[in-house]
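Colleague: I have a structure here, written as structure tokens, and I will follow up with some questions on it.
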Amino acid sequence: KWTQRLSFSEVMKLVLDSQEVPGVKKPDVQPSNQSPTPPQRPRILKPWETAPKIQTAPSVSPSLLTTTPKITHTHVSNPQKKEQK
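Mind the numbering: the sequence shown is residues 1 to 85 in UniProt numbering, read in order.
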């Protein structure tokens with residue numbers, strides 16, 4: 001069992017020098033030479049592959065499109081502010 005602790009810079013030096021890092025297990029990975037298995041679930045579509053959801057605007061009466069808006073309020077000064085001066 002490896003008991004010495006290495007600093008990050010020591011580990012990086014070993015890696016950059018292509019040396020073994022003590023205490024790290026190297027897995028024995030071998031190709032299986034078998035054909036890949038087919039996926040069990042369907043592929044998830046990317047956002048640009050899905051059909052866009054078209055949002056329709058609510059219907060507006062044509063008469064509303066041609067009328068001029070009316071001003072419904074006017075500015076009224078506050079008489080209490082004048083008294084405080």
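Think of the CB as a built atom: it goes at the ideal place given N, C-alpha and C, for glycine as much as any other residue. Owing to the predicted nature of the structure, the values given are computational and were not obtained by experimental measurement.
1) Kindly confirm or deny that the region 3–11 and the region 20–29 touch, where touching means at least three C-beta pairs closer than 8 Å.
2) Classify residue 32 as helix, strand or coil using the three-state DSSP reduction.
3) Quick one: grab the DSSP three-state call for residue 47.
4) How big is the Cα-Cα spacing for residue 48 and residue 14?
5) Between the C-alpha atoms of residue 46 and residue 34, what's the straight-line distance to the nearest angstrom?
Modeller: Reading it off the structure:
1) Enough Cβ pairs lie closer than 8 Å, so yes.
2) Stepping through the sequence shown from its first residue, residue 32 is reached at position 32. The answer is coil: DSSP assigns residue 32 none of H, G, I, E or B.
3) Within the sequence shown, numbered from 1, the residue matching residue 47 stands at position 47. Residue 47: helix per DSSP, three-state reduction.
4) On the sequence shown, position 48 is the one that residue 48 refers to. On the sequence shown, position 14 is the one that residue 14 refers to. If I take the Cα positions, the gap works out to 44 Å.
5) Your numbering for residue 46 matches position 46 in the sequence shown. Your numbering for residue 34 matches position 34 in the sequence shown. For residue 46 and residue 34, the gap between their C-alpha atoms comes out near 29 Å.
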